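Some notes on the structure that comes next.
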Amino acid sequence: KEGPLVLRPIFCRFLLGSKLCGSRDSPHRYQDCVAAFDAHASRYEAFFGMPRNLLLRVLSGIVLPPGCEASLMASAFSDKAIRQLPNQVKRFLDHHLRNAMAHCEARRQA
Numbered sequence: 007k008e009g010p011l012v013l014r015p016i017f018c019r020f021l022l023g024s025k026l027c028g029s030r031d032s033p034h035r036y037q038d039c040v041a042a043f044d045a046h047a048s049r050y051e052a053f054f055g056m057p058r059n060l061l062l063r064v065l066s067g068i069v070l071p072p073g074c075e076a077s078l079m080a081s082a083f084s085d086k087a088i089r090q091l092p093n094q095v096k097r098f099l100d101h102h103l104r105n106a107m108a109h110c111e112a113r114r115q116a
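Residue numbering for the sequence shown follows the numbering used here, starting at 7 and increasing by one per position.
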């Protein structure tokens, strides 16, 4: 079994809610991020999506410059090593992920 699926509309909402793209100070272009998703997505009935573990790989391809994937090894997330993560990953974890969570909570309360 592939695990939980992330459908394209959810990914698009995540991109905007996290401000990874779609706002003035966003580091990435929306169409490039969606194209990265589409390049790896599969059709699931009426929607396109992908397993969550594959989505993490796609996100790392968006966030990190080429050749930096080794910095995402599990050992890089220990307390000492977290300071050594690439700035793009730190920004994603500290800024974009928090924006997405705040966006989700605001929608839940609306």
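Using N, Cα and C, we set each Cβ at its ideal position, and we do this for glycine too. Computed from a prediction, not measured in an experiment: that's the story for all the values here.
Exposure of residue i, with buried meaning 16 or more beta-carbon neighbours within 10 Å
i	result
Ser29	exposed
Leu62	exposed
Phe98	buried
Option in the options with minimal Cα separation from residue i
i	options	result
His34	Met107, Ile68, His46 and Ala112	Ile68
Pro10	Ala42, Tyr50, Phe17 and Arg58	Arg58
Ala108	Ile16, Ala45, Ala42 and Lys25	Lys25
Pro71	Gln94, Ala41 and Arg49	Gln94
His126	Val40, Cys27 and Gln37	Limits of the chain in this structure are 7 at one end and 116 at the other, which puts residue 126 out of reach.
Residue i - containing beta strand (DSSP E), residue span
i	result
Gly55	Phe53 to Pro57
Ser48	Ser48 to Tyr50
For residue i, the first and last residue of its enclosing alpha helix (DSSP H)
i	result
Leu103	Leu103 to Gln115
Cβ distance (whole Å) where residue i is taken to contact residue j below 8 Å
i	j	result
Gly55	Ala106	Gly55 to Ala106, Cβ: 18 Å. No contact.
Phe53	Leu13	5 Å
CB contact below 9 Å: residue i versus chain B
i	result
Glu51	Going by chain labels, chain B is absent from the structure shown, which holds only one protein chain.
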